[in-house]
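>
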Amino acid sequence: MSALLAAPVVLMIVFAVSGAAKLGDRQGTQDAMVSLRLPLRALHPAAAALLPLGELLLAVLIWVPITALQVVVAVAQLLLCLAYLVIIVRAVRFPEPVDCSCFGTLGAPTVSGATVARNVILVLLAVVTLVTAASGDLARAVLQSPGPLVAWAAMLALTVVLTALTIGVSRRSAAAAPGQAGDASQAGTAPVAGAAPVAGGAAADAAADEDELLDYERVPTPHVVVRRADGELVTVRSLAMDRAALLVWMSPGCGPCERVADRLAEWQQRLGSMVRVVPVLSRDLATLDAARAQRYGPEAVSDIQHTAAAAFGTMGTPSAALIGADDQLAGGPVIGAEDVIALAEDIIDQLVDARMLAPEQPAGSTAAGGATTEASGATGPAGTA
Numbered sequence: 001m002s003a004l005l006a007a008p009v010v011l012m013i014v015f016a017v018s019g020a021a022k023l024g025d026r027q028g029t030q031d032a033m034v035s036l037r038l039p040l041r042a043l044h045p046a047a048a049a050l051l052p053l054g055e056l057l058l059a060v061l062i063w064v065p066i067t068a069l070q071v072v073v074a075v076a077q078l079l080l081c082l083a084y085l086v087i088i089v090r091a092v093r094f095p096e097p098v099d100c101s102c103f104g105t106l107g108a109p110t111v112s113g114a115t116v117a118r119n120v121i122l123v124l125l126a127v128v129t130l131v132t133a134a135s136g137d138l139a140r141a142v143l144q145s146p147g148p149l150v151a152w153a154a155m156l157a158l159t160v161v162l163t164a165l166t167i168g169v170s171r172r173s174a175a176a177a178p179g180q181a182g183d184a185s186q187a188g189t190a191p192v193a194g195a196a197p198v199a200g201g202a203a204a205d206a207a208a209d210e211d212e213l214l215d216y217e218r219v220p221t222p223h224v225v226v227r228r229a230d231g232e233l234v235t236v237r238s239l240a241m242d243r244a245a246l247l248v249w250m251s252p253g254c255g256p257c258e259r260v261a262d263r264l265a266e267w268q269q270r271l272g273s274m275v276r277v278v279p280v281l282s283r284d285l286a287t288l289d290a291a292r293a294q295r296y297g298p299e300a301v302s303d304i305q306h307t308a309a310a311a312f313g314t315m316g317t318p319s320a321a322l323i324g325a326d327d328q329l330a331g332g333p334v335i336g337a338e339d340v341i342a343l344a345e346d347i348i349d350q351l352v353d354a355r356m357l358a359p360e361q362p363a364g365s366t367a368a369g370g371a372t373t374e375a376s377g378a379t380g381p382a383g384t385a
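Taken in order, the sequence shown gives residues 1 to 385; the numbers are from UniProt numbering.
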């Protein structure tokens, strides 16, 4: 049996793992397409649904012992690997780190030189697979030596799995070490509006949240600085001098961050004078184009060296934390688009429950008067413990 048959076996394993991982993380695949700046964004949902199925089919059909079919499948594998390589080479030149989710939730998501090298190897494997398919060796091996071929494939698969598990355990151990030292940062949705007394006669509502408050340990807001669009350095604490501030860390172009960015204007309008929504970007605001700068709004600041993110324990994007006007952490930090959105919505819900915001009105209707916004000049929610 030719040693070249190892190429289609390895490629089968790669496509099977990649397709299965993407199948269970469709949203992650869509986010990766946004991060990689792929065009035709309206087609991303359909592509995210079809791509894993296509990869799984390519992993299976290459073993149908019909030479013509195997050649067609091998050509499709080569074209897909070439497309992936072009996308990755383009992405590695972006000014900010990009997550590709090439293997769904598995593997190292951030595009780097190692990602390019991996994809070059995949292209070479696809070329060898095409050669073995065109020569008929692949079809003959399936028909004449199925037992040894299956055994060989099984051993290669076990080797790949063992390598992946070893690398995965090492990475998890390395990632867990810094996290254990900074566990004062609390993940999950915090009792934001109920974490402190509120203005406007809503003491009874705040008392109702007392049990929830007891479960949340408030810690001082870190002494770190961020940079405004005009270049001025300001302390994070100063952002919450007159009202609570929701800090939202984002990387421009990051897929999950784009989902959060789509909600910024809504949160800024909804929370109004009660909570300042502050986008914290990982790049200099001066480098943003006008459309993107307008999207983030005038409250945006930059944290280029990630010092604020490290101090809050939010070294991933998107992430968020709520700080009160009393220099205490009032909610979060949370990491991930779903948790960031949930935190913002929880803030809104608790302010509505405390009668500090009017309930959201159906489209076309007039909001009922009486929303208690007189606290606009006060400390805001979670402002004084």
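Idealized CB from N, CA, C, for every residue including glycine. Quick caveat: nothing in here was measured; it's all calculated off a predicted structure.
Starting from Arg263, trace the alpha helix (DSSP H) in both directions and tell me its first and last residue.
One-based indexing of the sequence shown puts residue 263 at position 263. Where Arg263 is concerned, the enclosing alpha helix (DSSP H) stretches over Gly255 to Leu271.
> Excluding the 5 residues preceding and the 5 following Ile88 in the sequence, name in chain order all residues of the same chain whose CB lies nearer than 7 Å to its CB.
The residue given as residue 88 occupies position 88 in the sequence shown. The residues are Cys100, Val111, Thr115, Val116 and Asn119.
> Whole angstroms are fine: how far does the CA of Gly28 sit from the CA of Arg93?
On the sequence shown, position 93 is the one that residue 93 refers to. On the sequence shown, position 28 is the one that residue 28 refers to. Their Cα atoms are separated by approximately 21 Å.
> Measuring straight from C-alpha to C-alpha, what distance separates Gln70 and Leu40?
Here residue 70 is taken as the residue at index 70 of the sequence shown, counted from 1. Here residue 40 is taken as the residue at index 40 of the sequence shown, counted from 1. Straight-line Cα distance between these residues: approximately 31 Å.
> Where in the UniProt domain "Thioredoxin" (215–353) do unbroken runs of the alpha helix (DSSP H), each at least 4 residues long, occur, reported from the N-terminal end onward?
Those alpha helix (DSSP H) runs which fall completely within the UniProt domain "Thioredoxin" (215–353) and span 4+ residues are 255–271, 290–296, 307–312 and 337–353.
> Report yes or no: do the stretch 64–79 and the stretch 278–294 share at least 3 C-beta pairs separated by less than 8 Å?
No: the two stretches stay apart, fewer than three of their Cβ pairs being nearer than 8 Å.
> Measuring only the C-alpha atoms, how far is Val225 from Gly313?
In the sequence shown, counting from the first residue as 1, residue 225 sits at position 225. In the sequence shown, counting from the first residue as 1, residue 313 sits at position 313. Each residue's alpha carbon lies about 15 Å from the other.
> Check for me: the alpha helix (DSSP H) holding Val33 runs from which residue to which?
Here residue 33 refers to the residue found at position 33 when the sequence shown is read from its first residue. For the record, residue 33 in the displayed sequence is Met; it is not Val. Looking at the DSSP string, the run of the alpha helix (DSSP H) that includes Met33 is Arg26 to Ser35.
> Tell me which residues share the same chain as Met315 and place their Cβ nearer than 6 Å to its Cβ, disregarding the 5 neighbours each side in the sequence.
Indexing the sequence shown from 1 puts residue 315 at position 315. Excluding positions up to five away in sequence, the list reads Ala309.
> Could you pull out every residue in the same chain whose Cβ sits closer than 7 Å to the Cβ of Trp267, ignoring the five residues on either side in sequence?
Counted from its first residue, the sequence shown places residue 267 at position 267. Excluding residues within five positions, the ones whose Cβ falls inside 7 Å are Val277 and Ala344.
> Return the Cβ separation of Thr317 and Cys257 in integer angstroms, given the expectation that the two are a contact with Cβ distance under 8 Å.
Taking the first residue of the sequence shown as position 1, residue 317 is located at position 317. Taking the first residue of the sequence shown as position 1, residue 257 is located at position 257. Yes, Thr317 and Cys257 are in contact; Cβ-Cβ is about 5 Å, under 8 Å.
> Where Arg228 and Ala300 are concerned, what is the direct C-alpha to C-alpha distance, given to the nearest angstrom?
For the purposes of this step, residue 228 is identified with residue 228 of the sequence shown, where counting begins at 1. For the purposes of this step, residue 300 is identified with residue 300 of the sequence shown, where counting begins at 1. Rounded to the nearest angstrom, the two C-alpha atoms are 7 Å apart.
> Buried or exposed: where does Thr163 fall if 16 or more other Cβ atoms within 10 Å of its Cβ makes it buried?
Reading the sequence shown from its first residue, position 163 is the one you call residue 163. When all chains shown are included, Thr163 counts as exposed.
> Considering only heavy atoms of the ligand MN, does any lie closer than 7 Å to the CB of Val71?
With respect to the ligand MN, the structure offers nothing, as it holds no ligand at all.
> Evaluate Glu232 with the Cβ neighbour count: other Cβ atoms within 10 Å of its Cβ, from every protein chain shown; 16 or more gives buried, anything less gives exposed.
For the purposes of this step, residue 232 is taken as the residue at position 232 of the sequence shown. Classification for Glu232: exposed.
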